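Quick notes on the structure that follows.
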Amino acid sequence: MSDGKKIKSGYSRRDFLKVLGATGGLAASGCAPEIPEKIIPYVVQPEEIVPGVASWYSASCSECSAGCGTVVRVREGRAVKLEGNKNHPINKGGLCAIGQSSLQAHYDPDRVREPLFREIKTPFKPLSWEEAVKKLASATKESGNTYLVTKPLSGSVARLVRELVEAKSNIKHIEFDSSLDVDQDLAAESIFGSGSRVSYDFSKADVVASFGADYLETWVSPVEFSKAWSQRRKPSKLGDVNYTVSIQPRLSLTAVNANKWIKNKPGSELKLLLALLKTILSHKGKADNAQSQELVSSLSVDELLNGSGVSKSELDSLAKTLTSAKNSLVISGGSSSSFAGGKECAELSLLINQELGNISKTVFVFKTLNSSKESNKSFYKLLEALDAGKETPAAVIFADVNPVFVVPGAYNLEKSLARVPFMASISLSMDETAKYANLVLPMSSSLESWGDSEPRPGIYNLSQPAMQPLYKTQSLGDILIALGSRLGVEAISSPSFYEYIRSQWKSRTGESGFERRWIKFVEQGGDWSSYGVKNLEAQSKKSLAGIKKVKTEGIKERAKSSVTKDLVFLSYATIKSANGNTANRPWMQELPDPLTTAVWGSWIDIHPETASANSLSQGNVVRVRTESGVLHAPINITSNVAENVVAMPIGQGHEAFGRYASGIGANAFEVLPVSKDSQVFASIVKKIERAVGKDELVTTQQFFEQFDRGILRTVAASKLAKEKHGHAKHKKHKEGEHHDPLALGPQDEPKQMYKQMTHPLYRWAMSIDLASCTGCSACVVACYAENNIPVVGKELVAQGREMSWIRIQHFNSQQGKESPIEGFMPMLCQHCNNAPCEPVCPVYATYHNEEGINHMVYNRCVGTRYCGNNCSYKVRRFNWFQYKLPEPLTWQLNPDVTVRALGVMEKCTFCVQRIRESQHIAKDEGRVVKDGEVQPACASTCPTDAITFGNILDKKSAVYKNSQSERGYKVLDAHINTQPAITYLAKIENDKVRV
Amino acid sequence: MKRLDHPAAPSVSYEQVDEDILATLNPPGFGWFMLFATALCGVAVGGFSWYQQIKNGIGLAGITHPIMWGVYITDFVFWVGIAHSGTLISAVLYLFRAKWRIAIYRIAEAMTVFAVATAGLFPIIHLGRPANFYWLLPYPNQRYLWVNFRSPLLWDVFAVSTYLTVSVLFFTIGLIPDIAAARDRAKGVRKILYSVTSLGWTGSSNQWRHYAAAYGFFAALATPLVLSVHSVVSWDFAMSIVPGWHTTIFPPYFVAGAIFSGLAMVITITIPMRKAFKLEKYLTTWHYEKMSQLILFTSMIVFYAYSIEFFIAWYSNNTFEQYQFWFRPFGEYWLPFWGMVTCNCIFPQTLWFKKCRTSFTWLFILSILINIGMWLERFNIIFQSLSREYDPAAWGAYNFSWVEAGITVGSFGWFFMFLLVFIKFFPSVSLTEIKEIVELPKESKA
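As they're listed, the protein sequences go chains A and B. For the first sequence, the numbering used here gives the first residue as -1, with consecutive numbering after it. For the second sequence, the numbering used here gives the first residue as 24, with consecutive numbering after it.
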């Protein structure tokens, strides 16, 4: 060695590590048997696993039927974070709150860990998988039918079930999913022929009219729709701003984000659609579809509108706006389907779309192989048969469904199921249905198993296991294969479900070069090479030609019936509840509902007039009685529901399912009536009265007035367009001149008294576009997951101690605005250049670095909380207690982020761990971090790309461009000179179109 | 011959002074034990509450987002305020040669020392991680960690610790000749105690000369502290940007308020004391009239400060400030605000009348009301401001918890425990200075 210095210094770091490694190796190889705990995990390190470096595996989200692609971040063999797959054609990188939270379903501490069996009325006893499958097989061999009830299936597992059912005639397959909007599919089939499906492109629609469909929250494919919708909310060309109308009895998140909310009476949707069709036709003159003309010819608009709560002028201008728009879109679902008649509404929407010329522009029609959409109908038929004693099955197998929780209270499910001699439940956790079962087969989570699905023709999702199963569990496919082989079904004999999937993919894509293709499919999470807009347009045009004559008796019949004047109980799914399967995820319990900001529980929205008529006041616990049942819940008095409606979110009120779910809130299904064709989500209230009860409505925000403080700002589209012409927006302020604190656009830097921070290479900054923020709260859950944010529980949230680093706040609109709520706004640490929190910390636990990040050193914090008091944005959260998670929820903790201790302050770090990771990579490659390379958890999951992050010193970066937007403003900066790093872009009010 | 014809000078002999004042050191009676037991109970309640808070987390207190300071900081400011008048009376009035201070300065100084000792606990109690309190001290360490001299909390550390040091020194220096007098009469253990603490005082002219000089210097040294401590404490608020805190009037306003509450506390303590120890000769209505006048004066300063805050809020045209000052009298928490105004501004107006100034019963009641009012003043400033800051979406409420109540009770127990012990061990009225104003003893004929 020529380098004298090196020799002199003795051990170099490298040598030291070598010795350390050798010693460790010796210890591991048995020279020191007395200390086996010191064994180093990877003596021969697997090539793909490097401690401290994450691997990413493509998968797909199985929370709803939308079929979003995901990528799973795995550290040291544990899945720690989910992200949307940027290349996936459906979600394009976005992931909703429920999708983000599915990690907690995987690490649910109350999962079933091994097969369980019991005789009647005895406790469960564990047994081996072999015995369990044997028991299942022998039960299906008994005389009578065996019903296999699953979620709507697609892909290989659907084929597996089909082959099983074909081979064994006594096994019947029923699909059941209460949350599924089957009406869309039924309507598509009745108009365009069997196997037809529709999809929508919101990005092309200039005007959207939604009859109850919450397309930004839960309806069909919310992430995809939100993404497309958002392109028309923050447009590059101002004329492109879309105009959306929501017609529904309650102000949903979608209605808040619409330009206009028309409050109709529940059950009037079908009549409104007919009236709309008639008005459109009268504007248009001649109908494209003679049937449409015929359908409305004998009806009068006035009669149709009678009792609907919608005025003729409103409907007229809606029709005018729709017909004058180049492309429009009319949809119905959600609350339109709440009462029976959802299918007819969906049919009418399609007919209206046809008249407006939207098919193949904003509405696409395609054919699918998975036809039978009897779904829920056949399940309810089975229940009725069981109840009437017409059917005595040998066994019922519930696979990944929880009917005991979601079946309406009108059914006596307990009694019906008691007639079943053998009931098996294949499920993740001990839910309400599993509690009834004789045999519980623990299912592997989607992160532990292979799977594939076909959410839409041309899109084939492929999901690989991101980690080893936590417990003795198996995937549904493997269980069915094991059952098949026990029953001697040749068609599905396969060594494993993995092999079965491979064989399916091989037969679809061809033998030659399959191995290479397969690796690519697994890597990218599926195959969507044949999917494209051109293809969809062509198919839609073809479908349009082959349009069928619809059976209109149902429509005509319903058009005659009058809209109910009784008080209606309306239940709805929210962005946090789904159909109840998120209830045992602490993140989802603690996630505030965007509109009420309620956490951990149920509530009933009630109109002030209705409340006073029943002498109820805010927070009262009420008893709601319908034909079908009774429930108790606290009320929330709000004018955001129609006068004759009480609305309640579904998903709470579990009796089993786990420690976080059980005993929280009330189950809205309890009071719902019998469902015939599709699931009904509304019921007539017989009585609502004050009840004795302690349930409390806990909210995270109590004040919704802004007092002209300019925190959340809106700008009229017409005003923007005008200013754009002048372009010289950037006007200089004269010395001493008062600046307008509510001015938008880039502002002159005020004269500073002190030396300002300098940023040599990076200055991390963010922009948040309020025009496209829907309040969906995906960012909040993503932040919990990425940053190990503790969940504190209902009692502590009631005390204001929630820990979320982002809060989605909203404010009520001023009088005279079209929407009662001005908009949503994610509020997080602003990383002020002139941060008020920094100078007040006595120990330098919070300080500014030269990359513009306001750092928080947890170890140094003594907990004076002065920084929190002095933070003008109130985004600092304090650890009032030591919060603990049960195993294995702790496995989800991000190893790159410190778990904070009692008594320290914490807040948003701009995901500094991700910034550092990118900087390390960039440093190795001898460059600076590129724009878009670092995405904090909130920005990367945002379904509408409202959040942009980057280096604002880079004049080409997206965040710099946004910071110079004419809509840009910094919250409170004009008042207190905090110089936030976050630029908010004002929400655009479309004042050019008015309904 | 009377040395002074002054209302401050009681007409008693030197022997009588020794007799009367040293009688306070006689073995305590039942009443004292009852009071002491009550104080100890208070300390036990406080100790238990603090133990629970350390064990379970600071969350046991009612403070929460967004009101992260509450009762503890209120208590801190309250006790620092109480500590204030002691130094004012002993040092400032000494330099001004105000005779009425002589009879009360000792007990006022004792009150100062114990109040600072009580106040000093609160910054530690309120920490999220109290075991790390010493990180606020700038001590050299291997990790090169240093404190942030820009933080008003750090200024607090220096201000309060300096104040404690100086007031303890000033207090003990003043005590030396009196302890010597007690030593000369004491027996047994007390004799040893007083011999040690009187530091060999013999009463020689030389010692008296040095003593008088030292006392004068310390009085001069302590005087600026009277202004600085509470100014620094007020900067905890004034240096921040919270609407309702960020104001330049705070330092004088806090100093006046502190003197106001400190004098009230002196009255609260001395009225029962003069009765119990039969010190009516030394603490006359004249003394109380003087204190009442000062209370009236400071009450009006405080009243002016309150009013000016409202004026400035209106005049500033600052919407956040305006909302805050609308909120205090008319918002959800109007009760503590109007309680403060009633106790601090309205009731003291009675002191314009001689009848009220000379009524011990009324003065005793008033002094307690003033301290309730002053506690509420700090409480209003702290929690009303924090509950309505810039972003209405983050506004919140605050609920008092039992732990905070327990620790507050404990702080009173702690304070009175020390005070009761002091009264029984050291002369609560200065023998030395009383003797300076009473008639000189006749020369002995020998």
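Ideal Cβ placement from N, Cα and C applies to all residues, glycine included. The structure displayed is predicted, hence computed values, not measured ones.
For the beta strand (DSSP E) that contains residue 1014 (chain A), what are its first and last residues? The requested residue 1014 (chain A) does not occur in the structure, where chain A is confined to residues -1 to 993.
Using only CA atoms, which one of A:314, A:528, A:537 and A:384 lies nearest to residue 362 (chain A)? A:537
So, for residue 145 (chain B): in the same chain, excluding its five sequence neighbours on each side, which residues have a beta-carbon less than 6 Å away from its beta-carbon? 95, 98 and 99
Please classify residue 73 (chain B): does DSSP put it in a helix, a strand, or coil? helix
Output yes or no for whether 7 Å exceeds the beta carbon distance between residue 862 (chain A) and residue 176 (chain B). yes
If I measure Cβ to Cβ from residue 285 (chain B) and keep anything under 6 Å in the same chain, skipping five residues before and after, which residues do I get? 105, 107 and 108
Name, going along the chain, the residues of the segment 408 to 422 of chain B whose beta-carbon falls closer than 7 Å to a beta-carbon of chain A. 409, 412, 413, 414, 415, 416, 417, 418 and 419
Hey, is residue 8 (chain B)'s beta-carbon within less than 7 Å of any beta-carbon in chain A? The question about residue 8 (chain B) has no answer here: the residues shown for chain B are numbered 24 through 469.
Could you have a look at residue 452 (chain A) and say whether DSSP puts it in helix, strand or coil? strand
Beta carbon proximity, residue 152 (chain B) to chain A, threshold 7 Å: yes
Using CA atoms only, rank isn't needed, just tell me which of A:605, A:335, A:430 and A:465 is closest to residue 179 (chain A). A:335
Name, going along the chain, the residues of the segment 263 to 287 of chain B whose beta-carbon falls closer than 8 Å to a beta-carbon of chain A. 263, 264 and 265
Could you pull out every residue in the same chain whose Cβ sits closer than 7 Å to the Cβ of residue 391 (chain A), ignoring the five residues on either side in sequence? 142, 143, 144, 145 and 418
Which residues does DSSP list as the beta-bridge partners of residue 361 (chain A)? A:198 and A:357
State the DSSP-derived secondary structure class of residue 948 (chain A), mapped to helix, strand or coil. strand
How many angstroms separate the CA atom of residue 413 (chain A) from the CA atom of residue 305 (chain A)? 40 Å
Under 8 Å, CB to CB, which of the residues in the segment 168 to 183 of chain B have a partner in chain A? 168, 169, 170, 171, 173, 174, 175, 176, 177 and 180
Rounded straight-line distance, which links the Cα of residue 621 (chain A) to that of residue 603 (chain A): 13 Å
Are the beta-carbon atoms belonging to residue 207 (chain A) and residue 779 (chain A) less than 7 Å from one another? no
In chain A, what lies closer than 7 Å to residue 97 (chain B) by C-beta? Within 7 Å Cβ-Cβ: nothing; residue 97 (chain B) doesn't reach chain A, min ~14 Å.
Short check: CB of residue 275 (chain A) to CB of residue 294 (chain A), under 7 Å? yes
Got a sec? Which residues, its chain only, sit under 6 Å from residue 174 (chain A) by beta carbon, not counting five neighbours each side? 147, 374, 377 and 399
Since I believe residue 892 (chain A) is in contact with residue 78 (chain A) (beta carbons under 8 Å), could you give me their beta-carbon distance rounded to a whole number of angstroms? 5 Å
Does the beta-carbon of residue 455 (chain A) have 16 or more other beta-carbons within 10 angstroms, so that it is buried, or is it exposed? buried
Between residue 360 (chain A) and residue 227 (chain A), what straight-line distance do the alpha-carbon atoms span, to the nearest angstrom? 12 Å
C-beta atoms of residue 220 (chain B) and residue 202 (chain B) nearer than 7 Å: yes
Strictly below 9 Å CB to CB, what residues from chain A border residue 185 (chain B)? Here the premise fails: no neighbours, minimum Cβ distance about 16 Å.
Supposed close pair residue 451 (chain B), residue 129 (chain B) - CB separation, criterion 8 Å: 6 Å
Return the first residue and the last residue of the alpha helix (DSSP H) that residue 586 (chain A) is part of. 584 to 588
Taking 7 Å as the CB-CB limit, is residue 37 (chain A) close to chain B? Note that residue 37 (chain A) scores 46 on pLDDT, short of 50, meaning its location in the model is unreliable; the coordinates nonetheless yield the value given after this. Not an interface residue.
Excluding the 5 residues flanking residue 387 (chain A) on each side, which residues of the same chain have their C-beta closer than 8 Å to its C-beta? 417
What is the residue span of the beta strand (DSSP E) that residue 997 (chain A) lies within? The question about residue 997 (chain A) has no answer here: the residues shown for chain A are numbered -1 through 993.
Does any CB atom of chain A fall closer than 7 Å to the CB of residue 392 (chain B)? no
Counting only C-beta atoms, is residue 81 (chain B) closer than 7 Å to chain A at any point? yes
So, using beta-carbon positions, are residue 430 (chain A) and residue 654 (chain A) closer together than 7 Å? yes
Whole-number beta carbon distance between residue 307 (chain A) and residue 261 (chain A), since they are thought to touch under 8 Å: 6 Å
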